[in-house]
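Q:
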Amino acid sequence: MALKVKAREKLLKFSKDSEGVWKWVMQPELYSALTQSKVIKEAALRSGVSEGVMQACWDAAGEVIKAWLPEGHSIPLPGLGSCRFGLSASSVDDVNKVKTSLIKTRRIIFTPAVELKDELKSTAVVITCYDRDGKEVKRVTSTDDAEIDDGTGEDAESTNSGNNSGNSGSGSSNQTLASPTISGNTSFTESTQVSISGPDGAEIHYTTDGTVPTAASALYSEAFTLSATTTAWDRTKTLNIER
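Numbering (the numbering used here), first residue to last: 434 to 676.
1. Got a sec? Which residues, its chain only, sit under 8 Å from Leu502 by beta carbon, not counting five neighbours each side?
2. Considering only the beta carbon of each residue, do Val573 and Asp564 sit closer than 7 Å?
3. With a 10 Å radius around its C-beta and 16 neighbouring C-beta atoms as the bar for buried, classify Thr641 as buried or exposed.
4. Looking at Ile473: is its Cβ nearer than 7 Å to the Cβ of Glu462?
5. Can Ala435 and Cys562 be called in contact, C-beta distance under 7 Å?
6. Classify Ser470: buried if its beta carbon has 16 or more other beta carbons within 10 angstroms, exposed otherwise.
7. What are the start and end residues of the beta strand (DSSP E) that includes Ala435?
8. Would Leu549 pass as a contact of Leu513 if the rule is Cβ separation under 7 Å?
9. Based on the DSSP secondary-structure assignment, which residues constitute the bridge partners of Cys516?
10. Quick one: Cα of Ser523 to Cα of Ser534, how far?
11. When the Cα atoms are used, what is the spatial distance from Ala546 to Glu552?
12. List the whole-angstrom C-beta distance separating Met487 from Ala476, where the pair is believed to meet the contact cut-off of C-beta under 8 Å.
13. List the residues that DSSP assigns as beta-bridge partners of Gln460.
14. Val627: buried (16+ other C-beta within 10 angstroms of its C-beta) or exposed?
15. Straight-line CA distance for His638 to Val558?
16. Tell me which residue opens and which closes the alpha helix (DSSP H) that Arg479 is part of.
17. Would you say Val454 and Leu445 are within 7 Å of each other, going by their C-beta atoms?
18. Give me the Cα-Cα distance between Lys443 and Ala656, rounded to the nearest whole angstrom.
19. Just verifying my parser: in three-state terms, what is the DSSP assignment at Ser534?
20. Run through DSSP, which three-state label would Lys571 get?
21. Do you know how far the Cα of Asp492 is from the Cα of Lys456?
22. Can you give me the start and stop residues for the beta strand (DSSP E) that Val627 sits inside?
23. Report yes if the C-beta distance between Thr544 and Ser521 is below 7 Å; otherwise report no.
24. Could you compute how far the alpha carbon of Ile748 sits from the alpha carbon of Ala649?
25. What is the DSSP secondary structure of Ala494, counted as helix, strand or coil?
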């Protein structure tokens, strides 16, 4: 088993008037979302219980999580890790200015278990390279040690002063930039295009698995197509895209 990554040669423009430069941009291969019934069936086979019993347990666990999460509990997810409520909010210099409108986003933060992170860390990565014409030109298999970013540090619950810093871009500048915005059809039949816009010159990193983007996440260069239910992040906004 290996993690599949694609590297595409893309023309990146950092301003409207620039000619742009060709760079190899890596991002995870998008997988189709598994149906709940498929997961239930596989779990029933592995546990030796009936699919009906497994479905009932699945539904009950979901109801417990939905009931306890808003109360502020950190809820264990067997074999996976835990989830909890989080938020991103602006900071103010006067206690009298504290109000709920300062909260920009409410988040569900997943903290993976050590075993899950170790599994991801030890999994090889296969990178397939496609040139600007879409032709496969190289394939690389990597088995080097990897750093696992579980999104539970300060980046997961950022406190800002209204505008986000350049962390949504290259991470190498202290310049304060306007927040990028993400847009797309939140409901679709076959596929939908998602676009992200931001200030000129900013490198915008994004994810489509619900995790908070880092400097190592995919670099946005043009609108991309999704064909399965997912959650896209641009650090300031989530977009739940349902098929």
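Ideal placement from N, C-alpha and C gives every residue a C-beta, glycine not left out.
A: Looking at the atomic coordinates:
1. Ile508, Cys516, Arg517, Phe518 and Ile541
2. no
3. buried
4. no
5. no
6. exposed
7. Ala435 to Leu445
8. yes
9. Ile508 and Phe543
10. 9 Å
11. 10 Å
12. 5 Å
13. Lys439
14. buried
15. 20 Å
16. Gln469 to Ser480
17. yes
18. 12 Å
19. helix
20. strand
21. 46 Å
22. Thr625 to Ser630
23. no
24. In the structure as shown, the chain begins at 434 and stops at 676. Residue 748 is therefore absent and cannot be evaluated.
25. helix
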